Every structure is written in structure tokens, then in C-alpha cells.
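In full-length UniProt numbering, the protein residues as written are 1 to 268.
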């Protein structure tokens, strides 16, 4: 828009300049005509030199006037153009002023967002502590449909008792029932198979040396009757290590001697 205004002002200035030049020429021509008439009327009386002076003087004045007019017109055009430029410049000022707020209003560069802290790894759940294994061997449940009520009740009590002392009493009753029924093969073999469980449980008692050796005596007899002579001898040796007795005069030492004789007889 400002360029169009400048072009229009320049065109107006040129137009004014040409118009002023044309008016100056017309005035010059109008001035020269009376002079020529005066010169032609007084040609007889005035000497030629005077006529030349009269002619030359208006001519010079006309030339001077034309130059002055041109200078004034040029100055007028320049002033007009300068005023036009001055009028246009204020129009540019708001543009500069408008730019400043744009620069001021320019949004600052966003600060980089801080990296999120890594989430702490969840602590692994502590594995459940395995239940402590009992300090003694537990008798597995087998087919006990052949057992009488007394043996069945003793085994049920053995499995339900939480403490070693209670289990020892119940298992001792089961061994005693098998000892009584040892003439029957199922009771004899089942009672002999209770030997490792009884020895493990007996070792877990708070004061095993204060117990009686009746359980070891029954097991030694059951093992001997089943033909497991070495097993019977080991049971007697374990009882001796606890300083237990079998209620006889010779004790477990005499029982070992009798078992060895039975072993030798069976092998002969």
C-alpha cells in the first residue's frame, strides 16, 4: 500500500512540474510579445544598439524568469515528494511497533521436561519359608484295612499328635499291638517296618535316656522273627547307646547274643 502512495505522489509531482513548466513558457511568450511590438514601433527613432539592448534585456529577464520558475517548480516537487515520503513513513512506524510486540509476545522455548524417574522395581515378595521338616521320619499312610481297632486307633493318634512326645506314646502302643499279634504275618511285618520311624522319633524326644527300652525290645523281636537279624542287632545296639534295659538280667547285650545264634542257625 505504501508503494502505491509513493508512486501516486511522484506522478502528482511530475504533473505539477510539467504544468509549472508549461505556465512558465506561456508567461515567457506573453512577455516577449509586447517587447517585440515596442521594438517594432520605435525602430526608427532608437538606434540599433539601443534596440538590441531593449530586446536583449527583456529576453534576459525572460530567461532568468524561466530558470527561476523551473527552480521553484523543482523545489516545489521535491518538497511535495519529501512531504509524501514523510506522510508514508508514519504509516510504516506502526509496522515496526507491531513487530516489537510480536517479538515480545513470542513464546519462550518450552523447557525440556525432566525425564521421569524410573519407577523403583517392586521388591520381590519373600518366598514363603518352607515348613521345617520334622526331626523324625513320619509313617506314611498305607492300606491298613486288615488292622484291628486297637492298632487303627493307635496309628490315627500317632498321625494327629502335634508333638514328638504324643507321637511316641501312640507309636509305642502300635508296636506293642503288633508284638502281641506277631504270630500273624501282616502284624509281624508291619511292626518290623516301624523300626526306623520309632528310632527317629525316639531320638527327637527331649530326654530319650529317661525312657524305657520296651519299644526297642519289641522291635528287636519282630525283626528277628522276620529274619532281619542285622536289623535286630542294630536296634539292640541303639538301645545300649541310650543306656536302656529290656527288663531282663542280661539286658540288650544278652539279646544280641541270642540273635546272633539265631542268625547262625538260619544260615547253617
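Where is the CB? At the ideal position from N, CA and C, for every residue including glycine.
All values reported here derive from a predicted model rather than from experimental measurement.
Excluding five sequence positions before and after residue 182, the CB atoms of its chain that fall closer than 8 Å to its own CB belong to 188, 191, 221, 222, 225, given in chain order. Here the alpha carbons of residue 139 and residue 166 stand approximately 14 Å from one another. Short of 8 Å from the beta carbon of residue 218, and not among the five residues preceding or following it, lie these beta carbons of its own chain, in chain order: 175, 176, 178, 179, 191. Shown here, residue 124 sits in coil according to DSSP, grouped into three states, outside any helix or strand.
For the pair residue 227 and residue 252, the CB atoms are not nearer than the 9 Å cut-off. Taking residue 215 as reference, the option from 194, 206, 123, 31 with the minimal CA-CA separation is 194. With respect to the C-alpha of residue 259, the residue from 248, 233, 145 having the closest C-alpha is 233. In the three-state reduction of the DSSP assignment, residue 247 falls in the coil class. If you look at residue 141, you'll find it isn't in any alpha helix (DSSP H); DSSP assigns it neither H nor E. A straight-line Cα-Cα distance of about 9 Å links residue 209 and residue 239. With a cutoff of 9 Å on beta-carbon distance, residue 160 and residue 171 are scored as not near each other. The alpha carbon of residue 158 has as its nearest neighbour, out of 168, 149, 150, the alpha carbon of 168. DSSP places residue 226 in the coil class of the three-state scheme, outside both helix and strand. Residue 257 places its beta carbon less than 9 Å from that of residue 250. Annotation for residue 118: no residue places its beta carbon closer than 8 Å to its own, counting only its chain and skipping 5 residues before and after. For residue 268, the secondary structure class from DSSP, reduced to helix, strand or coil, is coil.
Between residue 254 and residue 245, the alpha-carbon positions lie close to 11 Å from each other.
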